[in-house]
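So the structure is just underneath, and the comments pick up after that.
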Amino acid sequence: MERILLVCSGEKSRQTLLQLTGECCPGQLHQAPAGAAARRMMMEIEFDLIVINAPLSDEPGDALARHAVRTTGAAVLLLLKAPQAEVVTPAMEEFGIAVLPKPISRASFSSALHLLRASHSRLLQMQEQARKLRKQLEELRLVSRAKCILIETGGLTEPEAHAFLEKQAMNRRMTKVDVARELLQARE
1 MERILLVCSG EKSRQTLLQL TGECCPGQLH QAPAGAAARR MMMEIEFDLI VINAPLSDEP
61 GDALARHAVR TTGAAVLLLL KAPQAEVVTP AMEEFGIAVL PKPISRASFS SALHLLRASH
121 SRLLQMQEQA RKLRKQLEEL RLVSRAKCIL IETGGLTEPE AHAFLEKQAM NRRMTKVDVA
181 RELLQARE
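One point on numbering: in full-length UniProt numbering, the residue at position 11 of the sequence shown is 11, and numbering is uninterrupted.
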């Protein structure tokens, strides 16, 4: 279930955005009336989507949007009045912040949220893939270091060292990485 933070100072705007957001994104809706309250909530809760209706009562809103992308993994949508949005959009795009000019229509808000959620989902998938690849690379490094030790201290060739690690893993019902880790720890 998505956790969504809506940051909006005006009561009428907040009610409208709550309704629109609820229609487009089912999930836990949290509200903050100002930037300071939003920052506190971001430290306590991991949000998937943050919608900021600028300006806020305590700040313009663009600094909060930049803070959100630097400190959270959430997708961020910044709502600004049309003239200001035209000026700010290029800078916000560099941070990965989507900007939607106000006044907004139901269709444009819905489209923006769906696009933002889709791109955020894709980003999360790519981050998970990168994490898996980093883990595989670290495991390959461990096995390679263990093979180097076997080659240096045991006088084995690289294929012999590789076969030794595989045989130990099979005989001991362990992974090759765990055998390599044990070998390296015993050497230290």
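Beta carbons are placed, not taken as given, at the ideal position from N, Cα and C, and that holds for glycine.
Next on the checklist: Between which two residues does the alpha helix (DSSP H) holding E23 run?
Outcome noted: The residue you call residue 23 lines up with position 23 of the sequence shown. Per DSSP, E23 belongs to the alpha helix (DSSP H) from 11-24.
Checklist entry - Can we say the segment 145-153 touches the segment 115-127, given the rule of at least three CB pairs closer than 8 Å? => result no
Checklist entry - Per DSSP, which one or two residues make a beta bridge with K132? => result On the sequence shown, residue 132 is found 132 positions in, with the first residue counted as 1. K132 is not bridged to any residue.
Next on the checklist: Taking the alpha-carbon of L116 as reference, which of M126, I97, K102 has the nearest alpha-carbon?
Outcome noted: As a first step, residue 116 is located in the sequence shown; it is residue number 116 there, counting from the start. When each option's Cα is compared against that of L116, the closest is I97.
Item to check | Rounded Cβ spacing between K102 and V143 (contact assumed at less than 8 Å) | outcome: Position 102 of the sequence shown, counted from the start, is the residue given in the question as residue 102. Position 143 of the sequence shown, counted from the start, is the residue given in the question as residue 143. That pair is no contact at about 56 Å.
Next on the checklist: Quick check: L79 and N53, are their CB atoms within less than 7 Å of each other?
Outcome noted: Position 79 of the sequence shown, counting from 1, holds the residue named residue 79. Position 53 of the sequence shown, counting from 1, holds the residue named residue 53. A contact, by the Cβ cut-off of 7 Å.
Checklist entry - Which stretch, first to last residue, makes up the beta strand (DSSP E) that contains G27? => result For this step, residue 27 is matched to residue 27 along the sequence shown. G27 -> beta strand (DSSP E) spans 27-32.
Checklist entry - Just how far apart, CA to CA, sit M170 and A163? => result What you label residue 170 is simply residue 170 of the sequence shown in a count that begins at 1. What you label residue 163 is simply residue 163 of the sequence shown in a count that begins at 1. Our two residues, M170 and A163, have alpha carbons roughly 10 Å apart in a direct line.
Checklist entry - Thinking just about the alpha-carbon of each residue, which of L184, L77, G27, H30 is nearest to the one in S111? => result Counting from one through the sequence shown, the residue named residue 111 turns up at place 111. Measuring from the Cα of S111, the nearest candidate turns out to be L77.
Checklist entry - Of all the options P33, C24, L29, which has the alpha carbon lying nearest to the alpha carbon of G10? => result For the purposes of this step, residue 10 is taken as the residue at position 10 of the sequence shown. If we check each option's Cα against that of G10, P33 comes out closest.
Item to check | Cβ-Cβ separation, L6 to M41 (assumed contact under 8 Å), whole Å | outcome: Counted from its first residue, the sequence shown places residue 41 at position 41. Counted from its first residue, the sequence shown places residue 6 at position 6. 11 Å between Cβ atoms; not a contact.
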